[in-house]
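All remarks here apply to the structure that follows.
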Amino acid sequence: MNDWKHICSLEDIPVLGARIVRRSGLPDIALFRNGKNQVFALEDQCPHKKGPLSQGIVTADAVTCPLHGWKIRLESGQAAEPDVGCVPHYPVRIETGEIFIHF
Amino acid sequence: MDGASSFSQSPPHSPSGMKPRLIMVGNGMAGVRTLEELLKLAPDKYEITVFGDEPHPNYNRILLSPVLAGEMSIKDIILNDRDWYHTHGITLHTDTRITRIDRTRRQVLTASGETIPYDRLLLATGSRPFMLPIPGNDLPGVLSYRDIADTNAMIEASRTHRHAVVIGGGLLGLEAANGLRLRGMEVTVVHVMPWLMERQLDPAAAVLLQKSLEAKGLSFLLGKETTELLAGKSGRVSEVKFKDGSTIPADLVVMSVGIRPNTQLAETSGLFCNRGIVVSDTMQTYDPRIYAVGECVSHRGVAYGLVAPLFEQAKVAANHLAEFGIGRYTGSVTSTKLKVTGVDLFSAGNFMGGDNTEEIVLSDPAGGVYKKLVLKNEKLEGAVMYGDTTDSAWYIQLMRDGKNVSEWRNHLMFGQNHLGDSGHTGNANASALADNAEVCGCNGVCKGSIVKAITEKGLFTLEEVRKHTKASSSCGSCTGLVEQILASTIGGAYQPSEGKNKPICGCTEHTHEEVRRTIRDKHLLSIPEVMSYMEWKMPNGCATCRPALNYYLISTWPHEAKDDPQSRFINERAHANIQKDGSYSVVPRMWGGLTTPTELRAIADAAEKYAVPTLKITGGQRIDLLGVKKEDLPRMWSDLSRSGLVSGHAYGKSLRTVKTCVGAEHCRFGTQRSMGLGVKLEKMLFGMWSPHKVKLAVSGCPRNCAESGIKDVGIIGVDSGYEIYVAGNGGIKTVVAQFLCKAADDAEVMEIVGAFLQLYREEARYLDRTVHWVERTGLDTIKQKVVEDKEQRKKLHERLLYALQGAENPWEEIVRDPSMKQAFEPLEA
Ligand code: SRM
Ligand SMILES: Cc1cc2nc3c(=O)[nH]c(=O)nc-3n(C[C@H](O)[C@H](O)[C@H](O)COP(=O)(O)OP(=O)(O)OC[C@H]3O[C@@H](n4cnc5c(N)ncnc54)[C@H](O)[C@@H]3O)c2cc1C
Ligand code: SF4
Ligand code: FES
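Top line first, the protein sequences correspond to chains A and B. For the first sequence, the positions run 5 to 107 when the numbering used here is used. For the second sequence, the positions run 2 to 830 when the numbering used here is used.
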């Protein structure tokens with residue numbers, strides 16, 4: 005699976021919110037929308053203890069994991085200091101309000 | 002001069018296209034801290050050049066004592082290495098003294114004759130040790146104790162010489178003496194006064210201190226006035242001579258008799274000085290282009306000699322240099338600690354007392370403990386502690402907050418633990434802990450890693466320790482202990498969190514109280530409005546400030562302000578508790594802990610239908626269905642709602658449970674109908690959002706089977722009516738509720754409880770439980786408003802009822818509204 009896949013429209017994700025994208029046989033993706041209508045895709049598993057990042061509070065450039073409050077950068081999937089860890093991130097394209105993820 | 006009004010605020014001018022040039026003179030702790038704060042606010046605003054006459058980059062001067070004592074090396078105490086200056090585009094000239102400021106041409110002159118132009122100038126020249134004006138004070142072997150050069154010279158002397166004499170029995174002198182002794186010298190401390198540290202200690206305490214230092218091998222000569230230092234054959238100092246004619250041998254003399262603000266440069270350049278460079282509340286000198294911070298400064302007539310206040314000055318100066326313009330420096334409460342391992346001595350504020358002050362003193366010479374508290378107008382003004390410094394952080398906080406302490410006068414001396422603190426005091430003595438002792442149970446951080454982070458990263462505040470180590474960043478019960486570790490590691494440089502003036506989070510400079518007031522006064526109705534009106538630094542805030550703002554908005558303007566689900570923690574968005582595996586738990590409300598066969602059947606049916614793995618009776622007298630999939634939540638709620646079950650808000654900063662006992666309805670001892678009142682209260686409060694969770698209990702008689710004594714509001718039935726208790730807590734730290742008042746009947750209880758909780762909703766900071774709020778406000782003030790002033794009580798109660806009018810079961814709301822339901826459904830890839 006190595007191509008762009010249409011997922012949903014921008015409106016389907018709340019501003020400063022997220023949706024879960026389910027994939028068969030693979031971990032879920034968390035799809036985030038920030039205040040500037042940028043969209044980011046991370047694997048929905050916190051590097052700490054696999055908390056569902058899609059359920060966290062979303063800020064301009066990060067999401068706070070709902071389980072123990074790690075901050076994960078939306079762009080890179082990197083945990084903010086002092087925590088160390090990283091989750092896979094996927095390229096996202098927005099075309100006339102439609103969202104595509106590159107797997 | 003205590004305002005900025007006389008100073009121009011116009012931005013600096015510089016040749017067009019170039020950044021304005023900021024020059025800093027004095028590469029020490031206060032100056033560099035100002036630059037750090039400035040870089041945080043406006044990283045690209047200035048072209049920065051720094052001149053320091055020491056050969057080193059910025060280091061932690063206060064840790065020179067552990068260096069002298071051989072507990073640390075110079076390398077350990079560097080705060081900003083050369084890379085740091087480089088990374089931030091700062092040009093650093095070490096070993097370079099500035100000799101003049103040409104204010105007309107706006108340039109500084111170096112000792113080697115170079116001139117460098119500036120648009121803004123920052124003076125941070127620190128202070129100079131005072132040398133007694135006696136013959137021989139310039140002999141080889143006579144030193145002061147101020148910088149790395151002095152420290153190295155002392156270490157060097159300790160290798161080749163035997164007799165050290167330290168003149169001055171204050172903090173610094175004692176630290177020098179202790180260090181030299183540890184380096185193997187025979188040390189005598191000479192002090193002109195009859196007892197040590199006469200400014201901090203009374204004679205009894207000073208004797209305790211002296212004894213413990215004598216046990217470490219130091220000798221003391223008290224009440225001795227030094228008149229001359231005599232040279233030996235080699236020309237080096239060899240003897241100290243006193244007024245009474247006697248002498249003692251000395252091949253090293255360290256003078257530690259005080260410091261003077263280093264104003265020479267400022268004075269010769271025509272800046273107004275008066276025992277320090279005189280500055281305004283915005284840290285500007287009489288020349289508005291020139292700022293000054295640190296020990297060289299005189300602010301409102303005070304020159305500070307400890308780092309904590311200097312860091313506060315740094316913050317304000319940076320604010321102003323960044324043209325943020327909101328900060329003001331209004332003076333500080335200072336504190337300090339003797340950094341001699343094994344000796345616990347701490348002092349803060351005005352510990353000398355004076356007109357109209359009272360003193361509370363505890364003196365236990367045999368037990369090695371002395372404590373003195375200085376009070377003025379029912380407020381704590383100063384404190385000195387010897388032997389047991391556990392409560393130092395608490396005392397500093399009380400002083401900073403200017404809190405009225407009359408309520409606990411009797412307990413003050415015994416510290417916060419004695420008061421029944423609310424989860425913010427360590428219960429062990431920090432210095433006695435081993436390095437591998439676990440301090441933060443939530444994040445598994447031990448003492449050793451905290452100390453390491455503090456020294457290696459140069460941390461000064463609790464927030465910094467939280468950020469770097471995670472200790473105390475979760476449940477907070479180890480906060481007191483972490484504060485103690487900070488205090489004992491860096492001594493008086495420890496900056497207790499700013500209490501009253503603490504901003505909500507890093508996204509803003511504003512405090513909880515300011516935000517709340519502004520939302521009310523300006524009738525702000527949404528988070529973006531607040532952020533833009535109050536100039537939030539981060540465009541969308543963070544997970545700390547957004548939930549707080551959301552709560553302040555909806556509690557201040559019920560039915561008007563816009564609730565923002567994305568600014569709520571997931572539990573409040575999903576109306577269920579998130580579990581470690583990402584599933585949820587569902588807790589239906591059981592009013593007053595009562596239930597019916599229909600409800601139980603509905604729960605049983607739902608549990609089967611949605612394959613709920615665990616059913617549990619909670620500690621709150623109701624049933625928890627644990628392990629539900631998120632996408633099943635709306636359907637399950639819909640099923641439960643059909644049998645009349647509603648959300649129990651087990652997840653919210655909101656009304657949780659009202660526990661009851663069987664009461665006079667059934668019990669042979671019951672004096673009041675506790676189940677009935679419990680259900681009425683729970684119904685009255687249904688849908689109430691609050692700063693933190695709120696738990697109630699109603700017991701039918703003083704046997705108190707509903708555990709009313711540890712609830713936010715606890716009610717106990719007595720023959721003549723009810724007793725109401727408030728601000729108990731059964732959580733992280735157990736705190737027994739305090740008696741508020743008696744009430745005659747159910748209606749009166751409901752009004753008083755409603756008023757109390759409304760006042761809590763209107764006044765407490767977000768995430769304060771009632772216990773924290775009452776501790777901060779004082780029960781008497783609250784009693785006045787909700788018990789004595791009947792008019793106000795009624796109004797508060799009415800405001801609560803208005804806010805809760807039409808409160809709906811959130812489950813049904815979501816089931817009904819397709820756009821809300823969407824959040825529960827995954828997308829497919
Ligand atoms: C379910 C329950 C335990 C149980 O099985 O009995 C429970 C479960 C949780 N409690 Fe509790 N508490 C439960 C009764 C209590 C009680 C007892 C009581 O209410 O009578 C207390 C002490 C009383 C008190 O609050 O003063 C209690 C003190 C805490 C605390 C510490 C609060 C404090 O201020 O010190 C927390 C942490 C917090 O809220 O920040 C907490 C937090 C939690 C959380 C919500 C942790 C979290 O944030 O996810 C737990 C959710 C577990 C889950 O996944 O569902 N729980 N918790 C109880 C639910 C009662 C209910 O029906 O609503
Ligand atoms: C041994 C020791 C222990 C201490 N312990 C504590 C403690 O436990 N707690 C506490 O709070 N405080 C303590 N202090 C005090 C604390 O270190 C000072 O308050 C703090 O360092 C002052 O900061 P500053 O930036 O104002 O001055 P400094 O840190 O002294 O910096 C001023 C710098 O400017 C340089 N300078 C001066 N004039 C010029 C010029 N014309 N051109 C170029 N450079 C110049 C100086 O050489 C110096 O490097 C201690 C001090 C010492 C010496
Ligand atoms: S005590 Fe409360 S917070 Fe701790 S594990 Fe048990 S339920 Fe969870
Ligand atoms: S699982 Fe994300 S912070 Fe612990």
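Virtual Cβ for every residue (Gly too), placed ideally from N, Cα, C.
### Message
Run through chain B and tell me which residues come within less than 9 Å of LEU20(A), C-beta to C-beta.
### Response
Start at 1 with the first residue of the first sequence, and residue 20(A) comes out as number 16. Chain B residues near LEU20(A): ASN541, ARG547, ASP565, GLN567, SER568.
### Query
Which residues mark the beginning and the end of the alpha helix (DSSP H) in which ILE397(B) is found?
If you number the second sequence from 1, residue 397(B) lands on position 396. Per DSSP, ILE397(B) is one residue of the alpha helix (DSSP H) stretching across 393-402.
### Query
What is the rounded straight-line gap between the Cα of PRO67(B) and the Cα of ARG101(B)?
Start at 1 with the first residue of the second sequence, and residue 67(B) comes out as number 66. Start at 1 with the first residue of the second sequence, and residue 101(B) comes out as number 100. If I take the Cα positions, the gap works out to 35 Å.
### Task
Indicate, with yes or no, if ligand 4 has a heavy atom lying under 7 Å from the CB of TRP74(A).
Against the first sequence, residue 74(A) aligns to sequence position 70. Proximity of the beta carbon of TRP74(A) to ligand 4 is indicated: a heavy atom of the ligand is located closer than 7 Å.
### Query
What are the boundary residues of the alpha helix (DSSP H) that ARG657(B) is part of?
Residue numbering aside, residue 657(B) sits at position 656 when the second sequence is read from its first letter. Taken as a continuous stretch (DSSP letters only), ARG657(B) belongs to no alpha helix (DSSP H), being part of the beta strand (DSSP E) at 656-661.
### Message
Given 7 Å as the limit, tell me if GLY621(B) has its C-beta closer than that to any heavy atom belonging to ligand 6.
### Response
This structure simply doesn't include ligand 6; it includes ligand 1, ligand 2, ligand 3 and ligand 4 instead.
### Task
State the CB to CB distance for the pair ILE291(B) and LEU124(B), rounded to an integer number of angstroms; the pair is presumed to be in contact (CB under 8 Å).
Numbered from 1 along the second sequence, position 290 holds the residue referred to as residue 291(B). Numbered from 1 along the second sequence, position 123 holds the residue referred to as residue 124(B). Rounded, the Cβ-Cβ distance is 6 Å, consistent with contact.
### Query
Which one of ASP522(B), THR512(B), TYR553(B) has the shortest CA to CA distance from ILE528(B)?
Taking the first residue of the second sequence as position 1, residue 528(B) is located at position 527. Measuring C-alpha to C-alpha distances from ILE528(B) to each of ASP522(B), THR512(B), TYR553(B) identifies TYR553(B) as the nearest.
### Query
What residues from chain A crowd round GLU37(B), counting only those whose CB sits closer than 9 Å?
By one-based count along the second sequence, residue 37(B) stands at place 36. None at all; the shortest Cβ gap to chain A is about 16 Å.
### Secondary structure, alpha helix (DSSP H): runs of 4+ residues fully inside the region 64-109 of chain B
Unbroken alpha helix (DSSP H) stretches of 4 residues or longer found wholly inside the region 64-109 of chain B: 65-69, 83-88, given in chain order.
### Query
DSSP three-state call for HIS106(A): helix, strand or coil?
Within the first sequence, the letter at position 102 stands for residue 106(A). Three-state DSSP puts HIS106(A) in a strand.
### Message
Comparing C-alpha positions only, which one of LEU741(B), GLY688(B), LYS684(B), MET689(B) sits nearest to SER709(B)?
### Response
Position 708 of the second sequence holds residue 709(B). Between SER709(B) and the set LEU741(B), GLY688(B), LYS684(B), MET689(B), the nearest pair of CA atoms involves LEU741(B).
### Task
Would you kindly report the start and end of the unbroken alpha helix (DSSP H) that includes THR269(B)?
Translated into the one-based positions of the second sequence, residue 269(B) becomes position 268. Residues 265-269.
### Query
Hey, does VAL91(A) have any beta-carbon neighbour from chain B nearer than 8 Å?
By one-based count along the first sequence, residue 91(A) stands at place 87. False, the Cβ-Cβ gap to chain B never drops below 8 Å.
### Query
ASP625(B) and VAL588(B): beta carbons closer than 8 Å?
On the second sequence, residue 625(B) is found 624 positions in, with the first residue counted as 1. On the second sequence, residue 588(B) is found 587 positions in, with the first residue counted as 1. Cβ distance < 8 Å, so ASP625(B) and VAL588(B) count as in contact.
### Query
Going by C-alpha distance, which of LEU646(B), ASN405(B), ILE168(B), PHE243(B) is nearest THR778(B)?
Your numbering for residue 778(B) matches position 777 in the second sequence. Among LEU646(B), ASN405(B), ILE168(B), PHE243(B), the Cα nearest to that of THR778(B) belongs to ASN405(B).
#### Entry: Three-state secondary structure assigned by DSSP to SER423(B)
As a working note, residue 423(B) is residue 422 in the second sequence. For SER423(B), the pLDDT reaches just 39, beneath the cut-off of 50, and the residue's location in the model is therefore unreliable, although a value from the coordinates is still provided. SER423(B) falls in the coil class under three-state DSSP.
### Query
Is LYS468(B) close to chain A, meaning its C-beta is less than 8 Å from at least one C-beta of that chain?
For the purposes of this step, residue 468(B) is taken as residue 467 along the second sequence, with counting starting at 1. It does; some Cβ of chain A falls within 8 Å.
#### Entry: ASP719(B), buried or exposed, once every other Cβ within 10 Å from all chains shown has been counted against 16
On the second sequence, position 718 is the one that residue 719(B) refers to. One detail in the question is off: residue 719(B) reads as Val in this sequence, not Asp. VAL719(B) should be labelled exposed.
### Residue from LEU760(B), HIS513(B), CYS668(B) with nearest C-alpha to LEU550(B)
Here residue 550(B) corresponds to residue number 549 of the second sequence, with the count starting at 1. Out of LEU760(B), HIS513(B), CYS668(B), HIS513(B) has the C-alpha closest to the C-alpha of LEU550(B).
### Query
What are the boundary residues of the beta strand (DSSP E) that includes LEU46(A)?
Here residue 46(A) corresponds to residue number 42 of the first sequence, with the count starting at 1. Its beta strand (DSSP E) spans residues 43-47.
### Task
Would you kindly work out how many angstroms separate the C-alpha atoms of PRO58(B) and THR95(B), rounded to a whole number?
Within the second sequence, the letter at position 57 stands for residue 58(B). Within the second sequence, the letter at position 94 stands for residue 95(B). Rounded to whole angstroms, the separation of the alpha carbons of THR95(B) and PRO58(B) is 7 Å.
### Message
Would ALA744(B) and ILE753(B) qualify as a contact pair, given that the criterion is a beta-carbon distance under 8 Å?
### Response
Here residue 744(B) is taken as the residue at index 743 of the second sequence, counted from 1. Here residue 753(B) is taken as the residue at index 752 of the second sequence, counted from 1. Contact: yes.
### Task
Whole angstroms is fine: what's the gap from THR100(A)'s alpha carbon to GLN49(A)'s?
Position 96 of the first sequence, counted from the start, is the residue given in the question as residue 100(A). Position 45 of the first sequence, counted from the start, is the residue given in the question as residue 49(A). Take the alpha-carbon of THR100(A) and the one of GLN49(A): they are about 29 Å apart.
### Task
Answer yes or no: do ALA556(B) and TRP690(B) have a C-beta to C-beta separation smaller than 8 Å?
Locating residue 556(B) in the second sequence gives position 555, where the first residue counts as 1. Locating residue 690(B) in the second sequence gives position 689, where the first residue counts as 1. The sequence given here places Ser at residue 556(B); Ala does not occur at that position. Yes, the pair counts as a contact, with Cβ atoms nearer than the cut-off.
#### Entry: Chain-ordered residues of the region 28-39 of chain A with a beta carbon less than 9 Å from chain B
Considering only beta carbons, the part of the region 28-39 of chain A lying closer than 9 Å to chain B consists of SER28, LEU30, ASP32, ILE33, LEU35, ASN38, GLY39, in chain order.
### Query
What residue does the alpha helix (DSSP H) around TYR767(B) start on, and which one ends it?
For the purposes of this step, residue 767(B) is taken as the residue at position 766 of the second sequence. Counting along the chain, no alpha helix (DSSP H) covers TYR767(B), and no H or E run does either.
### CB contact check: VAL96(A) to chain B, cutoff 8 Å
Taking the first residue of the first sequence as position 1, residue 96(A) is located at position 92. No, because no Cβ of chain B sits closer than 8 Å to the Cβ of VAL96(A).
### Query
Interface residues of chain B around VAL25(A) at Cβ under 8 Å?
As a first step, residue 25(A) is located in the first sequence; it is residue number 21 there, counting from the start. By Cβ distance, chain B contributes PRO827, LEU828, GLU829, ALA830.
### Task
Rounded to whole angstroms, what's the CA-CA distance from ILE76(A) to ASN541(B)? Just pull it up for me.
Taking the first sequence and counting its residues from 1, the one referred to as residue 76(A) is at position 72. Taking the second sequence and counting its residues from 1, the one referred to as residue 541(B) is at position 540. Cα to Cα, the separation comes out at about 15 Å.
### Under 8 Å between C-beta atoms of MET155(B) and VAL255(B)
By 1-based counting over the second sequence, the position of residue 155(B) is 154. By 1-based counting over the second sequence, the position of residue 255(B) is 254. Yes, the pair counts as a contact, with Cβ atoms nearer than the cut-off.
### Message
Taking 7 Å as the cut-off, is the C-beta of LYS53(A) nearer than that to any heavy atom in ligand 1?
### Response
Within the first sequence, numbered from 1, the residue matching residue 53(A) stands at position 49. At a threshold of 7 Å, LYS53(A) does not count as near ligand 1, since its beta carbon sits no closer than that to any of the ligand's heavy atoms.
### Message
If you reduce the DSSP assignment to three classes, tell me which class HIS513(B) lands in.
### Response
As a first step, residue 513(B) is located in the second sequence; it is residue number 512 there, counting from the start. In the structure shown, HIS513(B) sits in a helix (DSSP, three-state: H, G or I).
### Query
With 16 as the cutoff for other CB atoms within 10 Å, does TRP8(A) come out buried or exposed?
Within the first sequence, the letter at position 4 stands for residue 8(A). Under this definition TRP8(A) is an exposed residue.
### Message
By the DSSP assignment, the alpha helix (DSSP H) with ARG574(B) in it spans what residues?
### Response
Here residue 574(B) refers to the residue found at position 573 when the second sequence is read from its first residue. Boundaries of the alpha helix (DSSP H) harbouring ARG574(B): 571-575, taken from the DSSP string.
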